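Residue 5 is where the sequence shown starts when you use my numbering, and the numbers rise one by one after that. A short write-up of the structure that comes next.
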Amino acid sequence: MRVTCDLSDIKKMSCDLLCVLLTKEDTAPADLDKLLKGQIAELRRRKHFQGEALERGTFVPHPPQRFARVLLVGLGRPSEVTLDRIRRAGGTAGQAAMGRVVTLWPKQLPVALDTGRAAQAFVEGFILGGYRDLRFRSESAGRQDVQQLTLLTPQERQVAKLRAGAGRGRILAELQNLCRDLSGAPGNVLTPTALAGEARKLARKHGLRISVYDRRLIERMKMGAFLAVAKGSAEPPKLIRLDYTPKGRARKRVILVGKGITFDTGGISIKPGENMFEMRQDMTGAAVVICAMAALAQLRPALAVTALIPTCENMPGSRAYKPGDVVTTSIGKTIEIINTDAEGRLLLADVLGHATKSRPDYLIDVATLTGAATVALGNAGAAILATSDILVEKFAAASATTGEKIWRLPLWEEYEQQIKSNIADMVNSGGRPAGTITAALLLKKFTGGIPWLHLDIAAVDYEYRGTEITPKGPSGFGMRTVVEALTNL
Ligand code: BES
Ligand code: MN
Ligand code: ZN
């Protein structure tokens, strides 16, 4: 979608939809109301539109104008307007929009909000709210897509800030939508090989360095746990590596790791059939990390960031790994397999362990790791677990900006005993109690003391109800927060 900012007159803008944001106390801009002969004031008077938070009012202008329709979106009480509300207002507009859209930017925002950030939030919401997935429908019936969004301001001194914010918003939202596409892609389409192909396309487009390691090279890196998971499938595993390097000196070196299980049957410890199809999304951590890298390549912070993405299927079969097996990881630690459905931590352990060898400043992993994350927090937010208070602070601040809720769970050593093994260094499942924590405690053993944060997105990778900015379906949760946190490191 093209996103532009303009200093122009509504009288001269022809478009399919004119969107106007109004708080409870705003009256419509005088020039617009004059053009519409008091139509907006009339709607207000009759209480058809009162500017309540995310209220929507739509009408055809009378007398006819160069804009075919008008959409009013409420912002509520001025003192209660937040970035999140502006993002949701953007989503409300994005869901109703088609063709060419012009948004009249408010003359005055509630004081505390930065114009650039507000424009970013609005554009993010607009693009996220309008997301639809028609890839797997044979007929693409339905509404026309949005081709262009223009933010219109009467104030010259706003334009530069609007433009910068809108540009950032477009980059992030379009990549989050790509993340949704990847996340929701069926397992037969998005195989590990295909995921590597998608990463390659993005890398080429945005100038990231990429290498894709095949089974032989993964063997050479001695990733016995990752290879064990991959064994049951005819689809070959891949380890994808992406590098972003800044122009000047890098302030910090960061390694991002994303879980890329393109389908998780549970393996020999097979999952129940009901809802198993959802496990095509078990590579959302990989999608988040790949899309975050593409965003960094465009936003260009002074950091050196490497992404490592192990990807394979978890299948049962005569070659599959089994409960009772013992595997040896990339750093030599051994794991006794208790449950082949606890596969994500095995790939991550190998890759985190491998990542510590280059001694980065920070390690971050993103994974649809545990159903227990839903038991702990429900579906409203994701769990973070970390050995680095700095990373936690950065993620908490980022989350407040992006609106993606996260909550820290502890890594108390009392839970360690749940993953003790009789015959190996650890078992791969700590059972039901504190399942999100015991999974993270296993990962921690592979972080070699490097400041680390783990983001478990199992509870939030799918939106079941649908919100203003997230239609029912894969959410792409986490991408914006990871990028925001990193750029503030
Ligand atoms: N991919 C799942 C976790 C998951 C569950 C993600 C539901 C999204 C929705 C993971 O591989 C898994 O199966 N975890 C097990 C761990 C258990 C065997 C210790 C789980 O959560 O049940
Ligand atoms: Mn599993
Ligand atoms: Zn899984």
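Glycine included, C-beta positions come from ideal geometry on N, C-alpha and C. In this text, all values refer to a predicted model and were calculated from it rather than measured experimentally.
With a cut-off of 7 Å, the C-beta of I265 is classified as near the ligand ZN, since at least one heavy atom of the ligand falls inside that distance. Annotated as proximal: N318 and I265, with beta-carbon spacing under 8 Å.
I410 is the residue among I410, E46 and I131 whose C-alpha sits nearest the C-alpha of V464.
One Cα belongs to T491, the other to V309, and the distance between them is close to 11 Å.
Counting only runs that start and end inside the region 417-460, the alpha helix (DSSP H) elements of at least 4 residues fall at 439-448. Sorting G480, T485, L493 and V486 by C-alpha distance to the C-alpha of Q180 places G480 at the top. Segment contact: the region 170-190 against the region 110-124, three or more CB-CB distances shorter than 8 Å; contact assigned. Within the chosen limit of 7 Å, the ligand MN does not reach the beta carbon of A443 with any heavy atom.
Taking the CA atoms as reference points, L231 sits about 15 Å from G270. Distances from the CB of G270 to the heavy atoms of the ligand MN include at least one below 7 Å.
Per DSSP, reduced to three states, the secondary structure at P33 is coil, with no helix or strand assignment. By the neighbour-count criterion, in which 16 or more other beta carbons inside 10 Å mark a residue as buried, D149 falls on the exposed side. Per DSSP, reduced to three states, the secondary structure at A254 is coil, with no helix or strand assignment. Residue range T288 to L303 is occupied by the alpha helix (DSSP H) that includes Q302.
Look at which beta carbons fall closer than 5 Å to any heavy atom of the ligand BES; those residues are D268, D286, N343, D345, A346, G348, T372, T374, G375, S433 and A462. Note: K242 is bridge-paired with T315 in the DSSP secondary-structure output. Of the candidates V7, L457 and T315, V7 places its Cα closest to the Cα of G98. N318 has its CB nearer than 7 Å to a heavy atom of the ligand MN. The residue from D185, A45 and A100 with its alpha-carbon nearest to that of R139 is D185. Here the alpha carbon of T315 sits roughly 14 Å from the alpha carbon of N192.
In this structure I427 is exposed. Its beta-carbon is surrounded by fewer than 16 other beta-carbon atoms within 10 angstroms. Less than 8 Å divides the Cβ of G55 from the Cβ of K28. Distance from K226 to L307 at the Cβ level is roughly 29 Å; contact not present, criterion being Cβ atoms closer than 8 Å. DSSP places F63 within a strand segment (E or B) once states are collapsed to three.
Between S322 and K235, the alpha-carbon positions lie close to 9 Å from each other. Membership of F267 in any alpha helix (DSSP H) is not indicated; the residue belongs instead to the beta strand (DSSP E) covering G264 to D268. By the criterion of a C-beta distance shorter than 6 Å, I454 is surrounded in its chain by T360 and L367, once the five residues flanking it on both sides are discounted. Annotation for T405: the continuous alpha helix (DSSP H) segment containing it runs D393 to T406. Only residues of its own chain outside the window of five on either side were considered, and among them L76 and L108 have a CB closer than 6 Å to the CB of V24, listed in chain order. Listed in chain order, the non-local C-beta contacts of Q151 below 8 Å within the same chain comprise M5, R6, G103 and R104, local neighbours out to five positions each way being set aside. Separation of W456 and F126 (C-alpha to C-alpha, rounded to the nearest whole angstrom) is 32 Å. A buried status is given to I90, since no fewer than 16 other beta-carbon atoms sit within 10 Å of its beta-carbon.
Per DSSP, the continuous beta strand (DSSP E) segment holding S215 begins and ends at R213 to Y217. For F71, the enclosing beta strand (DSSP E) begins and ends at F71 to G80. When DSSP reads this structure, Y325 sits in no beta bridge, so it has no partner.
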